Amino acid sequence: MYLKNAQLDVDTWIKEHGVRYFNELTNMAQLTGEVGEAARIIACRFGNPDELIGGLVWLLSDTSKFATGSKVTLDGGFTIFRGV
1 MYLKNAQLDV DTWIKEHGVR YFNELTNMAQ LTGEVGEAAR IIACRFGNPD
51 ELIGGLVWLL SDTSKFATGS KVTLDGGFTI FRGV
């Protein structure tokens, strides 16, 4: 399967099921709001979109078919460290 076809298939599935994926601009507020914000994340860095592939593959697989209304957090420990 060509990459473009795979991207279109995933985009269609995401629109159909309401799943969203990481946008590299998600953390812009933290980056512009305070210097050194990345140091406060347990992983000590912001994530890359390719690091979320495992979670996306799981959501697209049959093994996640029993998961409903779940929030899969892949944030390098940001949520737990910040108490969000």
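Under full-length UniProt numbering, the first residue of the sequence shown carries the number 1, and numbering increases by one thereafter.
Don't be surprised by glycine CBs; every beta carbon is placed ideally from N, CA and C.
Please read all numbers here as calculations on a predicted model, not as lab measurements.
Please return the same chain residues whose Cβ sits closer than 6 Å to the Cβ of residue i, not counting the five positions on each side in sequence.
i	result
residue 7	none
residue 58	64
Can you name the start and end residues of the alpha helix (DSSP H) that residue i belongs to?
i	result
residue 60	53-60
residue 48	Careful: residue 48 lies outside any alpha helix (DSSP H) and carries neither H nor E.
residue 87	Here the chain has residues from 1 to 84 only, and residue 87 is not among them.
Could you give the distance in angstroms between the alpha-carbon of residue i and the alpha-carbon of residue j?
i	j	result
residue 10	residue 76	24 Å
residue 49	residue 78	16 Å
residue 63	residue 16	18 Å
Excluding the 5 residues preceding and the 5 following residue i in the sequence, name in chain order all residues of the same chain whose CB lies nearer than 7 Å to its CB.
i	result
residue 3	none
Tell me which residues share the same chain as residue i and place their Cβ nearer than 8 Å to its Cβ, disregarding the 5 neighbours each side in the sequence.
i	result
residue 60	10, 13
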